[in-house]
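S.K.: Protein chains in written order, with our numbering: chain A, 27 to 186; chain B, 27 to 186.
There are 2 protein chains.
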Amino acid sequence: MAAQNAVHAHTSHNHRECIDDALTRAREICAVRGVQLTPLREKVLQIVWRSHKPVGAYDVLDELTRSHKAARPPTVYRALDFLMSEGLIHKIESLNAYLGCTEAGATHSGQFLICRQCGATEEIVDPKLETALDQAAKRAHFIAERKVVEISGLCARCAA
Amino acid sequence: MAAQNAVHAHTSHNHRECIDDALTRAREICAVRGVQLTPLREKVLQIVWRSHKPVGAYDVLDELTRSHKAARPPTVYRALDFLMSEGLIHKIESLNAYLGCTEAGATHSGQFLICRQCGATEEIVDPKLETALDQAAKRAHFIAERKVVEISGLCARCAA
DNA sequence: AAGAGGCTGTTATCTTGTAACATTGCCGCA
DNA sequence: TGCGGCAATGTTACAAGATAACAGCCTCTT
Numbered sequence: 027m028a029a030q031n032a033v034h035a036h037t038s039h040n041h042r043e044c045i046d047d048a049l050t051r052a053r054e055i056c057a058v059r060g061v062q063l064t065p066l067r068e069k070v071l072q073i074v075w076r077s078h079k080p081v082g083a084y085d086v087l088d089e090l091t092r093s094h095k096a097a098r099p100p101t102v103y104r105a106l107d108f109l110m111s112e113g114l115i116h117k118i119e120s121l122n123a124y125l126g127c128t129e130a131g132a133t134h135s136g137q138f139l140i141c142r143q144c145g146a147t148e149e150i151v152d153p154k155l156e157t158a159l160d161q162a163a164k165r166a167h168f169i170a171e172r173k174v175v176e177i178s179g180l181c182a183r184c185a186a
Numbered sequence: 027m028a029a030q031n032a033v034h035a036h037t038s039h040n041h042r043e044c045i046d047d048a049l050t051r052a053r054e055i056c057a058v059r060g061v062q063l064t065p066l067r068e069k070v071l072q073i074v075w076r077s078h079k080p081v082g083a084y085d086v087l088d089e090l091t092r093s094h095k096a097a098r099p100p101t102v103y104r105a106l107d108f109l110m111s112e113g114l115i116h117k118i119e120s121l122n123a124y125l126g127c128t129e130a131g132a133t134h135s136g137q138f139l140i141c142r143q144c145g146a147t148e149e150i151v152d153p154k155l156e157t158a159l160d161q162a163a164k165r166a167h168f169i170a171e172r173k174v175v176e177i178s179g180l181c182a183r184c185a186a
């Protein structure tokens with residue numbers, strides 16, 4: 027499920043399952059935590075999950091407006107902020123765009139592989155890389171809190 | 027010089043030397059490459075180097091306008107683009123801001139430690155981290171081209 | 001003199017993100 | 001029953017970041 031998502035962002039697959047899994051998982055997580063995954067927030071999460079490509083806030087807004095005429099920028103940003111604070115989505119800083127989290131539940135800053143050709147972006151969880159980041163910070167006597175790792179290039183599919 | 031800058035971003039030091047070193051180095055590099063470090067571009071580089079904190083494009087613009095009334099956003103962005111393409115500055119994606127490069131000359135994507143308290147940002151060059159990044163990409167069959175690594179937290183000074 | 005290319009000027013606009021205040025709806029409690 | 005508080009959303013306006021598109025200028029070359 028989560029682990030499966032993580033390895034097929036750049037491949038063809040039944041994406042409906044991705045979305046369903048993500049939404050189900052999000053509902054569970056929010057229920058456990060006692061926070062409200064309102065219809066609006068869920069809709070935004072669904073929109074972000076429409077693809078494995080990071081989606082801009084204003085693209086979310088365009089999409090959201092179809093079903094929700096009152097939507098405005100703050101509507102979207104509030105929902106995105108909520109989803110980020112609950113670890114359900116990530117912001118891809120180098121693109122100013124948002125991506126569904128495949129490791130929802132665990133608090134973590136993600137590590138991403140962004141294909142410049144097809145746009146598909148995969149979240150990876152690489153313990154060695156994580157360690158290397160911590161060690162690098164430690165050597166510099168720096169207390170790491172948030173770690174942004176975004177590698178862009180070509181996915182296997184586009185390279186072939 | 028370069029290595030020295032890299033370890034004192036978060037400490038007090040004679041910053042004039044940083045700037046002078048950076049400008050001198052930039053002139054050398056551009057001369058060797060046969061590209062033009064025009065007065066305008068040099069001025070922008072100097073402004074970016076005024077501190078070890080990443081500087082927003084519009085902050086650069088405000089500062090630039092003092093000596094250069096005709097300056098407009100494109101003026102600044104063109105200069106920043108040039109300086110980035112020559113590896114003389116980096117963009118800090120998570121802040122939408124720009125920082126002088128302490129390793130100018132070598133082509134590289136930087137790795138940064140950003141103090142959320144004082145704002146000082148240090149560029150580090152950590153071969154082990156570099157390797158870990160390459161390995162992580164390789165394991166995912168991904169061809170890495172650009173690597174964004176931005177760790178934010180507390181510098182030793184602010185933690186104390 | 002003509003033309004090409006690189007740099008800068010200039011105007012306008014686009015994209016991304018936030019401030020600030022109003023409104024709604026629900027829940028607990030007097 | 002009504003009131004106070006809080007979380008979520010509505011609404012308007014704007015700030016901040018970035019680029020498009022075209023004009024002008026200078027230099028070098030032929």
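A virtual CB, placed ideally from N, CA and C, is assigned to each residue, including glycine.
Does Ala-162(A) pass the burial test, meaning 16 or more other C-beta atoms within 10 Å, or should it be called exposed?
M.R.: A buried status is given to Ala-162(A), since no fewer than 16 other beta-carbon atoms sit within 10 Å of its beta-carbon.
S.K.: Just the Cα atoms here: how many angstroms apart are Cys-143(B) and Ile-73(B)?
M.R.: In the sequence as presented, Cys is not what sits at residue 143(B); that position holds Gln. Take the alpha-carbon of Gln-143(B) and the one of Ile-73(B): they are about 22 Å apart.
S.K.: Could I get the ranges of all uninterrupted alpha helix (DSSP H) runs contained in the segment 43 to 95 of chain B, with 4 residues as the minimum, in chain order?
M.R.: 65 to 74, 83 to 93
S.K.: Shortest alpha-carbon distance to Pro-99(B) belongs to which of Leu-87(B), Asp-107(B), Ser-93(B)?
M.R.: Restricting attention to Leu-87(B), Asp-107(B), Ser-93(B), the CA atom closest to the CA of Pro-99(B) is found in Leu-87(B).
S.K.: What residues in its chain sit with their C-beta under 7 Å from that of Asp-160(B), if we drop five residues either side in the sequence?
M.R.: Ala-170
S.K.: Just how far apart, CA to CA, sit Thr-128(B) and Asp-46(B)?
M.R.: 12 Å
S.K.: Give a yes or no on whether the minimum CB-CB distance between Ile-55(A) and chain B is below 9 Å.
M.R.: Taking Cβ atoms only, chain B never reaches closer than 9 Å to Ile-55(A), which makes this a no.
S.K.: Based on Cα-Cα distance, which residue from Leu-66(B), Arg-92(B), Arg-42(B) lies nearest to Thr-101(B)?
M.R.: Leu-66(B)
S.K.: Determine the burial state of Glu-89(B): buried for a count of at least 16 other Cβ atoms within 10 Å of its Cβ, exposed for fewer.
M.R.: buried
S.K.: Once the 5 residues before and after Val-175(A) are set aside, which same chain residues still bring their CB inside 6 Å of it?
M.R.: Gln-137
S.K.: Give a single yes or no on whether Ala-158(B) has its beta carbon closer than 8 Å to a heavy atom of the ligand COA.
M.R.: This structure lacks the ligand COA; in fact it carries no ligand of any kind.
S.K.: Mapping the DSSP letters down to three states, classify Glu-156(B) as helix, strand or coil.
M.R.: Per DSSP, reduced to three states, the secondary structure at Glu-156(B) is helical.
S.K.: Using a Cβ cut-off of 8 Å, pull out every chain B residue sitting near Val-174(A), in sequence order please.
M.R.: Glu-119, Ser-120, Val-174, Val-175, Glu-176, Ile-177, Ser-178
S.K.: Just the Cα atoms here: how many angstroms apart are Val-124(B) and Asn-40(A)?
M.R.: Strictly speaking, residue 124(B) in this sequence is Tyr, with Val absent from that position. For Tyr-124(B) and Asn-40(A), the gap between their C-alpha atoms comes out near 41 Å.
S.K.: Taking DSSP as the reference, what is the three-state secondary structure of Cys-141(A)?
M.R.: strand
S.K.: When the Cα atoms are used, what is the spatial distance from Leu-114(B) to Ala-97(B)?
M.R.: 21 Å
S.K.: Going along chain B in order, which residues have a C-beta closer than 7 Å to the C-beta of Glu-148(A)?
M.R.: Ala-166
S.K.: Going by the beta-carbon positions, is the gap between Pro-153(A) and Leu-121(A) smaller than 9 Å?
M.R.: no
S.K.: For Val-70(B), is the classification buried or exposed, using 16 other Cβ atoms within 10 angstroms of its Cβ as the cut-off for buried?
M.R.: buried
S.K.: Run through chain B and tell me which residues come within less than 7 Å of Ile-169(A), C-beta to C-beta.
M.R.: Those within 7 Å of Ile-169(A) in chain B are Gly-179, Leu-180, Ala-185.
S.K.: Which word fits Ser-178(A), buried or exposed, when buried means at least 16 other C-beta atoms lie within 10 angstroms of its C-beta?
M.R.: buried
S.K.: Less than 8 Å between the CB atoms is what I'm expecting for Glu-148(A) and Ala-35(A), so what's the real figure, rounded?
M.R.: 4 Å
S.K.: If you draw a straight line from the C-alpha of Ala-52(A) to the C-alpha of Arg-172(A), how long is it?
M.R.: A straight-line Cα-Cα distance of about 22 Å links Ala-52(A) and Arg-172(A).
S.K.: Within this structure, are the beta carbons of Phe-168(A) and Leu-180(B) separated by less than 9 Å?
M.R.: yes
S.K.: Do we get a CB-CB distance below 9 Å when we pair Arg-142(B) with the residues of chain A?
M.R.: Interface residue, yes.
S.K.: Can you give me, in chain order, the residues of the segment 58 to 72 of chain B that have a beta carbon less than 9 Å from any beta carbon in chain A?
M.R.: Going along the segment 58 to 72 of chain B in chain order, one finds no residue with a Cβ nearer than 9 Å to chain A.
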